[in-house]
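Every position in the sequence shown, counted from 1, becomes a number in my numbering once 597 is added. Idealized CB from N, CA, C, for every residue including glycine. Please read these numbers as outputs of a predicted model, since none were measured by experiment.
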Amino acid sequence: MTMMNHSDTAKVWRLQGKEVGVHLYLSGADGDLDALFGARVLGMPLSLSILPVTEWVDPTEMSHAAVAVIQVDADTPASIKRFERLVAAAGDMPIIAAAYEPPLALVRSLLRSGAHDVLPLPLSLDDLETSIAPLMAEIERKDVAAVARSSRLVSVIKARGGCGATAMLTQLACRFAHNEAAHGREACLIDLDVQFGDVAFQLGLKPKLSLADLIEAGARLDSELLRSVAVQHPSGLAVVAAPPQMLPLEAITSDQVLAVVERAQRDYGTVFVDLPANWTHWSLSLVARSDRVLLVTDLSIPGLYQARRQLDLLAEQELGAVPVEIVLNRMEKSLFKTVKTSDVETALGRDADYTLASDPQVIGPAIDRGVLIDEIKRKSVLARDLDTLEAGLVSKLGLER
C-alpha cells in the first residue's frame with residue numbers, strides 16, 4: 598500500500614514555501630534590473646511596473662504582492678509624499694524604498710515613515726534578497742492564513758485500490774460544484790493519481806492538456822494557464838486531468854504539486870484532490886493542509902484492514918489531528934454479510950461517518966457513459982446517500998448555503 602520510508606521525518610513533507618510575489622514600482626529598467634525581470638526572489642516571482650516616481654499606485658493592486666518595492670527620488674518631494682501615503686495605505690504589508698544614491702537624511706526619513714528598508718538603485722538581486730530574507734517567516738504565515746480563509750481543500754484517500762473512491766469523488770464533486778455555483782462559488786477537482794487516474798474518463802471529458810502541463814510550466818504557472826488546462830464539466834466542476842502517460846510517483850516533487858494545488862486554491866472556492874493509493878511525501882503534505890480528508894473503504898475484511906493501516910500511518914506521521922471522515926462505499930443490504938457495520942468500530946476504533954449504497958445498475962452505466970448517476974436514474978438510494986455526504990461536507994467546511 599505505501600511506498601514511503603517510515604523512518605523519513607515528517608518535516609520533509611510539511612508546509613512548503615508559498616507562491617506569493619514581490620512587485621517593483623520603478624521609473625525605468627536599467628542596470629541589473631533587466632536581469633531581475635521575470636526572475637524569482639527567495640522562491641517568489643518578481644514582477645515589474647514602470648511608472649513615473651510621482652504617479653499614484655492603486656493600493657488594491659499593491660495588496661496582491663507579499664512585498665512592494667517603490668522608487669523614491671530625493672529631488673522630488675512628491676515622490677516622497679507618495680511613498681508615505683502608500684505605506685499608510687498598505688497596512689502591515691512590508692514596503693521597501695529604492696533610490697539613486699539616497700542621502701542619509703532621506704534614508705532616515707523613509708525609515709521613520711515606515712519603510713522596511715531603503716535600497717540603492719540600480720537594484721541588484723543580492724540586495725533585494727538580503728532585505729526580504731528576514732520577512733520570509735511572516736510572509737509565509739500570512740499567505741497560509743489567506744489561502745485558508747479563501748479556499749477549502751478536500752483530499753480523498755483510498756483504503757485500497759478498487760474500492761470505488763474515484764467514482765464516489767467524481768459524482769460527489771459534480772453535485773458539490775453544481776450547488777456551489779448557485780452561491781457564486783467555484784469548485785475544482787485535481788486528479789493526482791499520476792499512474793491510474795481516470796477522473797476525466799469517468800466524467801466523459803476529453804482534455805487536451807493535463808496536470809503534466811501545469812507541472813512543466815514551473816514559474817509560469819498562473820491563473821490563466823490553470824484555467825486553460827482545467828476542463829469544465831456541465832455541472833460547473835473544473836477538472837484537471839491526470840497525465841495521459843503513467844508517471845513514476847517520484848517523477849514529481851512536493852514543490853511542483855503544492856504549487857499547482859496552491860494556485861488552484863487561489864482560483865477556486867473548494868479544491869478536491871484525488872490522491873494515489875501509494876503514499877508520497879507530497880500526498881502527505883496535501884493531507885496535512887487539508888480542511889477535510891475522505892478515507893474511502895468498502896465493508897470487507899481487507900478493506901477495513903487497509904483503512905486501519907491508513908489511519909495508523911497518519912498517526913505515525915503526526916497527522917492524527919487531521920479531520921478524517923470514513924466513507925463506507927458499496928454498502929449492501931443483506932442478512933448474510935460476513936462483515937457488518939457494527940464491526941467497523943472494532944476494526945477502526947471509530948464508526949463510519951457516511952455510507953454509500955451499492956448500486957452497480959446505476960454507477961456502472963454512469964461510468965461507462967461518462968455521465969452523472971442522475972442521468973441513469975433520477976432518484977436512487979446512491980443519489981440520496983451522496984446528497985447526505987455532500988450536505989455533511991458543506992457543513993464541516995463551514996460553507997453557507
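Continuous alpha helix (DSSP H) stretch holding residue i: start and end
i	result
residue 778	762-778
residue 825	820-826
residue 751	Per DSSP, residue 751 belongs to no alpha helix (DSSP H); it is in the beta strand (DSSP E), 749-755.
residue 957	957-966
residue 857	851-864
residue 884	878-885
residue 943	939-945
residue 704	701-709
residue 813	808-814
residue 698	Looking at the DSSP string, residue 698 is not in any alpha helix (DSSP H), and its letter there is neither H nor E.
residue 723	722-729
Strand pairing of residue i, partner residues [DSSP]
i	result
residue 645	621
residue 665	620 and 692
residue 787	837 and 870
residue 829	835
DSSP-derived helix/strand/coil call for residue i
i	result
residue 613	Legend: pLDDT at residue 613 = 36, less than 50; position of this residue unreliable, no value from coordinates given.
residue 792	coil
residue 1035	The requested residue 1035 is not part of the displayed model; the chain covers only 598 to 998.
residue 899	helix
residue 922	strand
residue 598	With a pLDDT of 44 at residue 598, under the threshold of 50, the modelled position of this residue cannot be trusted, and the question is left open.
residue 655	coil
residue 907	helix
residue 672	coil
residue 928	strand
residue 892	strand
residue 998	coil
residue 983	helix
residue 988	helix
residue 682	helix
residue 799	helix
residue 637	strand
residue 843	coil
residue 817	helix
residue 916	coil
residue 976	coil
residue 993	helix
residue 736	helix
Within 8 Å, strictly: CB atoms of residue i and residue j
i	j	result
residue 799	residue 967	yes
residue 751	residue 887	yes
residue 753	residue 871	yes
residue 808	residue 818	no
residue 624	residue 656	no
residue 861	residue 923	no
residue 837	residue 785	yes
residue 687	residue 651	no
residue 953	residue 927	yes
residue 671	residue 694	no
residue 722	residue 638	yes
residue 665	residue 647	no
residue 748	residue 866	yes
residue 925	residue 769	no
residue 728	residue 690	no
residue 874	residue 755	yes
residue 979	residue 959	yes
residue 945	residue 889	no
residue 955	residue 929	yes
Start and end residues, beta strand (DSSP E) containing residue i
i	result
residue 971	No beta strand (DSSP E) holds residue 971; the alpha helix (DSSP H) holding it covers 970-973.
residue 954	951-954
residue 714	714-718
Residue i: CB within 7 Å of a non-hydrogen atom of the ligand MN
i	result
residue 736	This structure simply doesn't include the ligand MN, nor any ligand for that matter.
Would you say the stretch 776-784 touches the stretch 882-900, given that touching needs at least three Cβ pairs under 8 Å?
Taking 8 Å as the limit for Cβ pairs, the verdict is that the stretch 882-900 does not touch the stretch 776-784.
Sufficient close CB pairs (3 or more, under 8 Å) joining the stretch 864-881 to the stretch 727-739:
As far as the Cβ criterion goes, the stretch 864-881 does not touch the stretch 727-739, which means the pair count is below three.
Would the stretch 826-841 count as touching the stretch 898-914 if we require 3 or more Cβ pairs under 8 Å?
With the rule of 3 Cβ pairs closer than 8 Å, the stretch 826-841 does not count as touching the stretch 898-914.
Take every Cβ of the stretch 943-950, pair it with every Cβ of the stretch 967-977, and state whether three or more of those distances are shorter than 8 Å.
Not touching, per the Cβ criterion.
Is the stretch 780-793 touching the stretch 845-860, taking contact as three or more C-beta pairs under 8 Å?
At 8 Å Cβ cutoff, the stretches touch.
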